[in-house]
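In order, the protein sequence lines correspond to chains A and B. Quick note: the first sequence, position 109, residue 186 per the numbering used here, numbers continuous. Quick note: the second sequence, position 145, residue 997 per the numbering used here, numbers continuous. Before any comments, here is the structure.
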Amino acid sequence: MALNHLYFDSGGHLTAKALGDLASGAPIEELARLEIAEHLSYCDKCIKAYTDLLCPQPPVDLTQLPPAQVTARRAAREGRVLFLQRCARVGFAACLTLMVWLGGLSQIDPETLPKVDMHAAGEKISDSLADFSQQISDGLDQLFDFSFERSFKS
Amino acid sequence: MKNSEFSALIERYQSFVFAVCFQLVGDKEEALDLTQETFLSAYRHIDTCRAENYRPWLARIAANKAKDFLRSAYQRRVTASGGEALEELPARGGPEELCDCADGVRRIREKIDQLGEPYTMAARMYFLEEKSIEEISTRLSRPKKTIQTQIYRAKQMLRQSLKEDGYGT
């Protein structure tokens, strides 16, 4: 049986020992760390207690993290790609709907149509949309990187 | 939020987020990756959080990232060592069978109490009270996926314990 009763109280919350061991970097076995992470991912009370313990400066030597500007730029780029992909999908769906409606395709008997692998066709369309929005994002990146660097230099 | 403001936020909290990730996963390289992923996720939802709550909010995202990493690593290790994957657990031949007789119920109750939290309450509701995952999730205020995982681990531990006592295969 897992010896996790030291880390969880009878109400299922983290004990002071659990928070203390975690915050001080004491060795904790893999399953216990997973259980603690699972609990912290949804419990407001325990996450607050844990973050309070880490004030003011956590006891970890911080090296090798990339500059904040690099992370911020990457986050902005990924956000743009997601947004453009969403727009492209919505636009494509709207065009398809208009085509069906205006072209009278809804009145055609489906039994008379040739068989098409819809799954493969859908994947091909998704890949093309992803490439398209990536190209637009790359173009925007060049524009934003130029203005980003200018704003940092000024 | 402007890029420059988000950069300032990263500068202010990155050591804190790294500390959370490192303390949970125990590996520096993984903690660096998870720190990045935490801020990438935070960027997408930054407008949903008030400035005074950034610290616990970022810690929650970091804990989620660490949880996903640890869960995946643990699952790979369990199945690699001959354990059953969550999806492959057989429907029969487990602790549920013992719940059909009074002595079995008593034995299961003892074993469940020995599990300790965070498994005891969920296992009691599932095996003895026959509650659904959704009901347990609501009663214990835990996500459904967490309950499912906890029931799975409880089942494994109970099965092992019963096997040691000479029950089942």
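From the three backbone atoms N, C-alpha and C, an ideal C-beta is built for every residue, glycine too. Only a predicted model underlies this, so the values are computations on that prediction, with no experimental measurement involved.
Among the options, nearest to residue i - alpha-carbon criterion
i         : options                                 : result
Val147/A  : Met977/B, Phe891/B, Glu981/B, Lys996/B  : Phe891/B
Cys120/A  : Arg1011/B, Leu992/B, Ala871/B           : Leu992/B
Ala860/B  : Met176/A, Ser203/A, Pro191/A, Pro144/A  : Pro144/A
Glu882/B  : Leu142/A, Trp178/A, Gln211/A            : Leu142/A
Asp86/A   : Ala954/B, Pro995/B, Thr972/B, Lys996/B  : Thr972/B
Lys122/A  : Leu91/A, Phe160/A, Ser205/A             : Leu91/A
Asn916/B  : Glu112/A, Ser118/A, Ile124/A            : Ser118/A
Leu173/A  : Gly199/A, Asp194/A, Gly156/A            : Gly199/A
Val158/A  : Arg110/A, Lys94/A, Gln212/A, Leu111/A   : Gln212/A
Met977/B  : Ala903/B, Cys901/B, Ser893/B, Lys1007/B : Lys1007/B
Thr1001/B : Glu106/A, His116/A, Glu155/A            : His116/A
Ala100/A  : Ala149/A, Cys132/A, Leu175/A            : Cys132/A
Ile1003/B : Lys1015/B, Ile988/B, Leu884/B, Asp920/B : Ile988/B
Neighbourhood of residue i by C-beta distance below 6 Å, restricted to the same chain and skipping five residues each side
i        : result
Met853/B : Ile898
Val869/B : Thr887, Thr890, Leu910, Ala914
Glu940/B : Its pLDDT being 44, under 50, Glu940/B is placed unreliably by the model, and the measurement read from it follows with that caveat. Same-chain partners within the cutoff: there are none.
Leu876/B : Ala918
Lys192/A : none
Val872/B : Ala911, Ala914
Residues of its chain near residue i, where Cβ-Cβ distance is below 7 Å and the 5 sequence neighbours each way are ignored
i        : result
Tyr895/B : Phe858
Ala126/A : Leu96
Asp98/A  : Ile105
Residue-level contact to chain A via CB, residue i, 8 Å cutoff
i         : result
Gly1018/B : no
Thr998/B  : yes
Glu882/B  : no
Glu969/B  : yes
Ser859/B  : yes
Phe1031/B : Nothing about residue 1031/B can be reported from this structure: the residues present for chain B run from 853 to 1021 only.
Arg896/B  : yes
Gln1008/B : no
Arg923/B  : yes
Leu1014/B : no
Ala975/B  : no
Arg912/B  : yes
Beta-ladder partner(s) of residue i, from DSSP
i       : result
Leu91/A : Phe85/A
The ligand PLP heavy atom lying under 7 Å from the CB of residue i
i       : result
Gly88/A : No copy of the ligand PLP appears in this structure; indeed no ligand is present at all.
Close-in-space but distant-in-sequence residues of the same chain around residue i (CB under 8 Å, 5 per side omitted)
i        : result
Gln866/B : Thr887, Phe891
Arg907/B : Tyr865, Phe868
Residue range of the alpha helix (DSSP H) that includes residue i
i         : result
Ala145/A  : 145-180
Ala894/B  : 880-897
Asp121/A  : 121-130
Gly956/B  : 954-967
Asp855/B  : Here residue 855/B is Asn; the residue named in the question, Asp, does not match the sequence. Note, Asn855/B: alpha helix (DSSP H), 855-877.
Glu987/B  : 985-992
Ser118/A  : Counting along the chain, Ser118/A falls outside any alpha helix (DSSP H), and DSSP gives it neither H nor E.
Ile1003/B : 996-1016
Met973/B  : 972-975
Residues that residue i contacts on chain C, provided the C-beta gap is smaller than 8 Å
i        : result
Arg151/A : In the structure shown, chain C cannot be found, because the protein chains are A and B.
Min CB distance residue i to chain B below 8 Å
i        : result
Arg110/A : yes
Ser203/A : no
Gln146/A : yes
Leu161/A : no
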